[in-house]
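Colleague: Got a structure here, written out as structure tokens. Questions coming.
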Amino acid sequence: MTDTAAAHDLSDPAVDPFSVAEAAAAVIRERTGVERHDVALVLGSGWGQAGDLVGETLATIENTDVPGFAKAAVEGHSGTMRSVAIGDTGRRALVYGTRTHFYEGRGVRSVVHGVRTAAAAGCSAIVLTNGCGGLRPEWAPGSPVLISDHINLTAATPIEGANFVDLTDLYSPRLRALAQEVDPTLDEGVYVQFRGPQYETPAEVRMARVLGGDLVGMSTTLEAVAARQAGLEILGISLVTNAAAGISATPLSHEEVLDAGRAAADRCGRLLADVVGLI
Ligand code: 8IG
Numbered sequence: 286m287t288d289t290a291a292a293h294d295l296s297d298p299a300v301d302p303f304s305v306a307e308a309a310a311a312v313i314r315e316r317t318g319v320e321r322h323d324v325a326l327v328l329g330s331g332w333g334q335a336g337d338l339v340g341e342t343l344a345t346i347e348n349t350d351v352p353g354f355a356k357a358a359v360e361g362h363s364g365t366m367r368s369v370a371i372g373d374t375g376r377r378a379l380v381y382g383t384r385t386h387f388y389e390g391r392g393v394r395s396v397v398h399g400v401r402t403a404a405a406a407g408c409s410a411i412v413l414t415n416g417c418g419g420l421r422p423e424w425a426p427g428s429p430v431l432i433s434d435h436i437n438l439t440a441a442t443p444i445e446g447a448n449f450v451d452l453t454d455l456y457s458p459r460l461r462a463l464a465q466e467v468d469p470t471l472d473e474g475v476y477v478q479f480r481g482p483q484y485e486t487p488a489e490v491r492m493a494r495v496l497g498g499d500l501v502g503m504s505t506t507l508e509a510v511a512a513r514q515a516g517l518e519i520l521g522i523s524l525v526t527n528a529a530a531g532i533s534a535t536p537l538s539h540e541e542v543l544d545a546g547r548a549a550a551d552r553c554g555r556l557l558a559d560v561v562g563l564i
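For the sequence shown, counting from 1, position 263 maps to 548 in our numbering; every step adds exactly one.
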């Protein structure tokens with residue numbers, strides 16, 4: 286490892302993750318030629334093409350060129366980040382084509398590095414998207430659902446030290462209202478993050494239901510907590526790509542997830558573009 290790579294190694298407890306985020310933001314400024322980005326967007330499973338309608342891509346950066354970032358681990362995800370013009374507002378979106386998941390075992394600091402980098406790059410809001418399992422039978426695969434709150438079952442946290450971060454209204458009521466103006470048919474639900482990468486057993490899905498969950502997935506909650514600590518306004522949107530285990534009779538597959546994403550790409554893309562334009 287080179288000296289600079291070692292200085293940016295998020296797995297080294299002696300390295301300050303916020304200084305790595307500053308270094309990453311500096312590379313983004315240099316490569317995009319702009320001093321700041323305004324809104325960050327994380328594209329989860331099924332959302333890959335949805336970023337394209339936000340506006341013109343003005344720069345594309347390989348994740349591996351940016352301190353603290355790694356290449357995509359999930360099929361269907363893109364290992365690049367893009368600087369995208371938000372319509373003709375003069376504002377810029379920083380669009381991440383993938384995320385690091387907790388189940389990859391690279392540590393929570395890696396999971397939330399994109400969020401911290403977005404804050405360091407000047408963003409004031411972040412849109413966290415994901416693909417997930419739905420607990421309500423009326424949510425057919427391909428339904429986008431706003432996240433109203435979450436339950437973090439990972440037993441992990443991105444917060445280090447005695448920082449008692451408040452999580453009231455974590456998912457911004459203002460941004461949820463904006464999204465519902467764009468699409469009044471959007472439902473809301475509580476997102477439950479499991480550790481993964483296996484999908485749940487039907488019994489675990491029933492447990493999530495009893496706990497007050499509506500959606501089950503493997504991402505987002507740790508990022509949302511880090512985003513709150515960083516002072517970002519947060520919008521969470523899940524794409525129900527499959528009925529959660531035991532909710533429907535058919536077994537789950539990642540193919541089904543990719544198919545649902547492709548089928549919903551248009552609706553999700555327009556939703557995302559319209560909402561980002563209004564943030
Ligand atoms: I896409 O049914 C997708 N991600 N935990 N459960 C969990 N994660 C998911 C699911 C699901 N579908």
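Cβ coordinates follow ideal geometry from the N, Cα and C atoms, glycine included.
Residue 492: beta carbon under 8 Å from a heavy atom of the ligand 8IG?
Modeller: Incorrect: residue 492 has no Cβ contact closer than 8 Å to the ligand 8IG.
Colleague: Are there 16 or more other CB atoms within 10 angstroms of the CB of residue 373, so buried, or fewer, so exposed?
Modeller: Label assigned to residue 373: exposed.
Colleague: Does any heavy atom of the ligand 8IG sit closer than 8 Å to the C-beta of residue 417?
Modeller: Yes.
Colleague: Below 8 Å on the Cβ atoms is my contact criterion, and I expect residue 501 with residue 413 to pass it. Report the Cβ-Cβ distance as a whole number of Å.
Modeller: With 8 Å as the limit, residue 501 and residue 413 do not qualify as a contact, their Cβ atoms being about 16 Å apart.
Colleague: Can you give, in chain order, each stretch of the alpha helix (DSSP H) that sits fully within the segment 463–502 and has at least 4 residues?
Modeller: Within the segment 463–502, the complete alpha helix (DSSP H) runs of at least 4 residues are 487–495.
Colleague: Check the Cβ-Cβ distances between residue 332 and every residue of chain D, and say whether any is below 9 Å.
Modeller: The chain labelled as chain D is not found in the depicted structure, where only one protein chain is given.
Colleague: Taking buried to mean at least 16 other C-beta atoms within 10 Å of its own C-beta, is residue 449 buried or exposed?
Modeller: Classification for residue 449: exposed.
Colleague: According to DSSP, is residue 304 part of a helix, a strand, or is it coil?
Modeller: Helix, per DSSP.
Colleague: Quick one: is the Cβ of residue 501 within less than 8 Å of any heavy atom of the ligand 8IG?
Modeller: Yes, the Cβ of residue 501 comes within 8 Å of a heavy atom of the ligand 8IG.
Colleague: Using only the alpha-carbon positions, how far apart do residue 313 and residue 383 sit?
Modeller: One C-alpha to the other measures close to 16 Å.
Colleague: Going straight from the alpha carbon of residue 555 to that of residue 510, what length do you get?
Modeller: Answer to the nearest angstrom: the Cα atoms are 27 Å apart.
Colleague: Could you say if the segment 514–532 and the segment 400–415 meet the contact criterion of at least three C-beta pairs nearer than 8 Å?
Modeller: Touching, yes.
Colleague: What ranges does the alpha helix (DSSP H) occupy inside the segment 295–370, keeping only unbroken runs of at least 4 residues that lie completely in it?
Modeller: Counting only runs of 4 or more, we get 302–317.
Colleague: Taking 8 Å as the threshold, find out whether the segment 539–547 comes into contact with the segment 430–437 through three or more Cβ pairs.
Modeller: The segment 539–547, when compared against the segment 430–437, does not touch it at the 8 Å Cβ threshold.
Colleague: Is it the case that the CB of residue 456 approaches a heavy atom of the ligand 8IG more closely than 8 Å?
Modeller: No - the ligand 8IG has no heavy atom lying nearer than 8 Å to the Cβ of residue 456.
Colleague: For residue 298, tell me which candidate among 394, 316, 350 and 368 has the shortest Cα-Cα distance.
Modeller: Out of 394, 316, 350 and 368, 394 has the C-alpha closest to the C-alpha of residue 298.
Colleague: Can you give me the Cβ contacts of residue 320 inside the same chain, cut-off strictly under 8 Å, excluding the 5 residues immediately before and after it?
Modeller: 314 and 407.
Colleague: Residues in its own chain within less than 7 Å of residue 308 by CB, not counting five upstream and five downstream?
Modeller: Only 293 and 352 meet the Cβ criterion.
Colleague: Tell me which same chain residues have a C-beta within less than 8 Å of the C-beta of residue 518, skipping the five on either side of it?
Modeller: Within the same chain, residue 518 has close Cβ partners 409, 410, 411, 457, 459, 460 and 564.
Colleague: Might you give, ordered along the chain, the residues of its own chain that have their beta carbon closer than 8 Å to the beta carbon of residue 464, omitting 5 neighbours on each side?
Modeller: Correct list, in chain order: 431, 471, 520, 522, 556 and 560.
Colleague: Under 8 Å: does the beta carbon of residue 537 sit that close to some heavy atom of the ligand 8IG?
Modeller: Because some heavy atom of the ligand 8IG lies under 8 Å away, the Cβ of residue 537 counts as near it: yes.
Colleague: Do residue 296 and residue 391 have their beta-carbon atoms positioned less than 9 Å apart in this structure?
Modeller: For residue 391 and residue 296, yes; Cβs fall inside 9 Å.
Colleague: So, helix, strand or coil for residue 435, using DSSP?
Modeller: Correct three-state label for residue 435: strand.
Colleague: Based on Cα-Cα distance, which residue from 513, 505, 512 and 488 lies nearest to residue 532?
Modeller: Minimum Cα distance to residue 532 is reached at 488.
Colleague: Can you name, in chain order, every residue of its own chain whose Cβ lies under 6 Å from the Cβ of residue 482, other than the five neighbours on each side?
Modeller: Counting only Cβ-Cβ distances below 6 Å, and skipping sequence neighbours, we find 388.
Colleague: To the nearest angstrom, how far is it from the Cα of residue 380 to the Cα of residue 551?
Modeller: Looking at the two C-alpha atoms, the distance is approximately 17 Å.
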